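This report concerns only the one structure given below.
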Amino acid sequence: PKERVTFSVLFKKQRPWEMWDAVLERVASMPGVTAAGGASSLPFERPKLTFRLAPVEQDQAAPITPISGYAVSPTFFATAQIPVVRGRNFDSSDQPESHRVAIVNERFAKTTYGDQNPIGRMLRLRSERDTGSTDLEIVGVVGNVVQARIEDGVLPAVYLPYTQAFGQLNVMVATRRSA
Numbered sequence: 567p568k569e570r571v572t573f574s575v576l577f578k579k580q581r582p583w584e585m586w587d588a589v590l591e592r593v594a595s596m597p598g599v600t601a602a603g604g605a606s607s608l609p610f611e612r613p614k615l616t617f618r619l620a621p622v623e624q625d626q627a628a629p630i631t632p633i634s635g636y637a638v639s640p641t642f643f644a645t646a647q648i649p650v651v652r653g654r655n656f657d658s659s660d661q662p663e664s665h666r667v668a669i670v671n672e673r674f675a676k677t678t679y680g681d682q683n684p685i686g687r688m689l690r691l692r693s694e695r696d697t698g699s700t701d702l703e704i705v706g707v708v709g710n711v712v713q714a715r716i717e718d719g720v721l722p723a724v725y726l727p728y729t730q731a732f733g734q735l736n737v738m739v740a741t742r743r744s745a
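Below, the structure written as structure tokens:
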């Protein structure tokens, strides 16, 4: 069994993910550490991001339900033991200038697409004031986890690569249990 330790990092720099990459790499190389990943919010924390998303093919006048959103490192899912069940994880190709991508949880995929494969489908991320939007391609589906409160159960969730969604990074570290 692995133990988990968490801490927060906030870099107010032009390209903060470069510093986050360095922190995660350094932490992962420490003795006794088996994995290190980062997310804007960790399980059992209220999400710091809320997205207004809709499938691109959905009628633009249809109401949009806010969805919990998380900016995560490519190593987050493995560190948190959340399986990628379809498609791919984030990787080094997912940069700020790259094509915008997203990973959704199984609950979001089932609620939004039923039994259809969500991989390759497009989501429209709308700004809070409807002043613009960004399209995101779904590249992966991850297992469901309770994010905020056990009483809420599993809610639909959308994950973005931390290189494409900026803010604070909470680091989760998996360690070997000492004897």
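Numbering (the numbering used here), first residue to last: 567 to 745. A virtual CB, placed ideally from N, CA and C, is assigned to each residue, including glycine. All figures in this text were calculated on a predicted structure; none of them were measured in a lab.
{"Query": "Where E703 sits in the DSSP three-state scheme", "Result": "strand"}
{"Query": "Coarse secondary structure for L608, derived from DSSP in three states", "Result": "coil"}
{"Query": "Where R742 sits in the DSSP three-state scheme", "Result": "strand"}
{"Query": "C-beta contact flag for I648 and P722 at 8 Å", "Result": "no"}
{"Query": "For Y725, the first and last residue of its enclosing beta strand (DSSP E)", "Result": "723-727"}
{"Query": "Touching by the beta-carbon criterion (3+ pairs, under 8 Å), the region 590-608 and the region 672-688", "Result": "no"}
{"Query": "Helix, strand or coil at V589 [DSSP, three-state]", "Result": "helix"}
{"Query": "Exposure of G635, with buried meaning 16 or more beta-carbon neighbours within 10 Å", "Result": "buried"}
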